[in-house]
Amino acid sequence: MSESRIAAQLYTVREFTKTPADIAATIKKIREIGYEAVQVSGFGPIDPEELKKIVDDNEIYICSTHISYERMRDETEKVIQEHHLWGCKHTAIGSMPPNYRNEEGFHRFAKEASEVAKKLSAGGLTFSYHNHSFEFEKYGDKIGLEILRTESDPGYFNFEIDTYWVQHGGGDPAEWIRRVEGRIHLLHLKDMGNRGGQPIMTEVGEGNLNWPAILEAANDSGVEWYLVEQDTCERDPFESLAISLRNLRAMGLK
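Read left to right, the sequence shown gives residues 11 to 264 (my numbering).
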């Protein structure tokens, strides 16, 4: 188990994780940067046993995963077995399937995903939902993310708030972290800058988000893992991961 609570989200380096050899080299590099944990996401096919050997050899911990909702729903037992092999208890979906992205779909997904989450919980895993900005579209007097919060089962359906995408949708990241207090094991950290009037993704601490408020809310709300993810990088993505880690440590996060 990692002593640090900061992890690298592997989607950031997805162009370098297409083969088992790529994955091994990338995990080694991430460990050398200083990360002690990763969230598995966005890489090419690899046998679960081989992935376990790679992370064990590099003394890096799989703290959580991103897998498809369909896999969680249709291959629940296999998902549970893989996570037990890795010693990982947290899994999340990276995005809502497109067929649910309407008013009726949000209500339906809250109920259906809660049932999937219950099955995962019976196997010792947590379920979390990762937001983008489309969840901030209003349906009547509620945005989609609020429908999920109020109509899902709070005992099983958790949230993986993404700081950038909340801001992109017009929300306040710190406020949303507090709104799901007790239901947020995982937090996605990415910053937002501005160029030519357009939002851009930046390394944590290099943009305009209110990090003191975000980190205070995360601490108060029970966040276990702080996951550094940058979908697009203007420099080498490994350098971006290093900058974010350095800045988070300077902010007092370990």
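Ideal Cβ placement from N, Cα and C applies to all residues, glycine included.
Candidates Ala35, Pro58, His93: closest to Thr136 by CA position | His93
Which residue comes first and which comes last in the alpha helix (DSSP H) that contains Ile70?
-> Taken as a continuous stretch (DSSP letters only), Ile70 belongs to no alpha helix (DSSP H), as it is neither H nor E.
Work out the CA separation of Ile171 and Gly180 for me, nearest whole Å.
-> 14 Å
How many Å lie between Tyr79 and Ile33 at the Cα?
-> 23 Å
Under a three-way DSSP split, which group does Ile56 fall into?
-> coil
Which whole-angstrom value describes the C-beta separation of Ala102 and His76, a residue pair presumed to lie in contact below a C-beta threshold of 8 Å?
-> 6 Å
Identity of the residue in Tyr149, Glu122, Pro107 nearest His142 by Cα | Pro107
Flag this pair as yes or no: are the beta carbons of Gly203 and Thr212 separated by less than 8 Å?
-> yes
Within the same chain, show all residues whose beta-carbon is closer than 6 Å to that of Val233, passing over the 5 residues directly before and after it, in chain order.
-> Ile194, Leu197
Counting pairs of Cβ atoms below 8 Å between the region 225-243 and the region 17-25, do you hit three or more?
-> yes
C-beta atoms of Val190 and Asp201 nearer than 8 Å | no
From what residue to what residue does the beta strand (DSSP E) around Ile103 run?
-> 100-103
So what does DSSP say about Val238, is it helix, strand or coil?
-> strand
If we call anything under 8 Å between Cβ atoms a contact, is Trp235 one with Ser51?
-> no
Are Leu199 and Leu251 touching if we call contact CB-CB under 8 Å?
-> no
Using a Cβ-Cβ cut-off of 8 Å (strictly less than) and excluding sequence neighbours within five positions of Val126, which residues of its own chain qualify?
-> Tyr79, Met82, Arg83, Thr86, Phe137
Residues near Pro164 in its chain [Cβ-Cβ closer than 7 Å; skip 5 each side] = Arg193
Near His100, what residues of its chain come up, given a Cβ to Cβ distance below 8 Å and the 5 sequence neighbours on each side ignored?
-> Cys73, Ser74, Thr75, Leu135, Thr136, Ser138, His195, Leu196, Glu234, Trp235
List the endpoints of the continuous beta strand (DSSP E) containing Glu170.
-> 167-172
Whole angstroms is fine: what's the gap from Gln208's alpha carbon to Ala132's?
-> 44 Å
Going by C-alpha distance, which of Glu156, Ser231, Tyr166, Glu216 is nearest Ile187?
-> Ser231
Hey, out of Val89, Ala31, Gln91, whose CA is closest to Glu65's CA?
-> A small fix is needed here, since residue 65 is Val in this sequence, not Glu. Among Val89, Ala31, Gln91, the Cα nearest to that of Val65 belongs to Ala31.
Name the DSSP bridge partner or partners of Ala268?
-> Given a span of 11 to 264 for the chain in the structure shown, any question on residue 268 remains unanswerable.
Length-filtered (4 minimum) alpha helix (DSSP H) runs lying within the region 171-259 | 173-178, 183-189, 221-231
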